[in-house]
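Engineer: In terms of this note's numbering, the sequence shown is numbered consecutively and its last residue is 102. Where a beta carbon is used, it is the ideal one built from N, C-alpha and C, also for glycine. Predicted model, so just to flag it, every value in this text is computed and none were measured.
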Amino acid sequence: MEELIPVNILVGDRNYRVKIKPADEENLRKTIKLVNNKLVEFKTNFAGKDMQDYIAMVLIWLATEQPSSAITNENAREISGKLKALQQLIEEAI
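1) Do Gln95 and Leu70 have their C-beta atoms closer together than 8 Å?
2) Between Met59 and Gly20, which are expected to be in contact by the criterion C-beta below 8 Å, what is the C-beta distance as a whole number of angstroms?
3) Helix, strand or coil for Ile1 per DSSP?
4) What residues are listed by DSSP as bridge partners for Leu18?
5) How many Å lie between Tyr24 and Glu33 at the Cα?
6) For Asn45 and Glu86, what's the separation of their Cα atoms in angstroms?
7) Whole angstroms is fine: what's the gap from Asn49's alpha carbon to Leu18's?
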């Protein structure tokens with residue numbers, strides 16, 4: 009069994025500590041960077057009352073935009089798993 013490593017991530021204005029496989033760290037960091045870039049974009053372009061509104065917008069964007077680009081089923085499962093993990097982190101923080 010592969011050992012999990014603790015990683016600190018910043019989503020919006022909150023820090024989260026998650027445990028992941030070392031092989032997944034680069035992919036997680038790229039995903040978090042994409043999420044944070046989209047958060048800034050949505051905050052700039054749309055009205056919202058708090059960060060949770062913008063996080064919801066990003067999750068909706070990820071769920072609808074990503075599958076329209078040609079991704080394999082394996083990547084779709086991976087993205088879906090990451091979305092669920094992000095959603096769980098958000099729910100735990102609320």
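Structural biologist: Put simply:
1) Along the sequence shown, read from residue 1 onward, the residue named residue 95 stands at position 87. Along the sequence shown, read from residue 1 onward, the residue named residue 70 stands at position 62. No, the pair does not count as a contact, with Cβ atoms beyond the cut-off.
2) The residue given as residue 59 occupies position 51 in the sequence shown. The residue given as residue 20 occupies position 12 in the sequence shown. With a Cβ gap of about 5 Å, Met59 and Gly20 count as contacting.
3) The chain is shown only over 9 to 102; residue 1 falls outside these bounds and no answer can be derived.
4) Position 10 of the sequence shown, counted from the start, is the residue given in the question as residue 18. According to DSSP, Leu18 bridges with Asn23.
5) Here residue 24 refers to the residue found at position 16 when the sequence shown is read from its first residue. Here residue 33 refers to the residue found at position 25 when the sequence shown is read from its first residue. In a straight line, the C-alpha of Tyr24 is about 14 Å away from that of Glu33.
6) The count along the sequence shown starts at 1 and reaches residue 45 at position 37. The count along the sequence shown starts at 1 and reaches residue 86 at position 78. Approximately 20 Å between the Cα atoms of the pair.
7) The count along the sequence shown starts at 1 and reaches residue 49 at position 41. The count along the sequence shown starts at 1 and reaches residue 18 at position 10. Note on residue identity: the sequence assigns Glu, not Asn, to residue 49. Straight-line Cα distance between these residues: approximately 16 Å.
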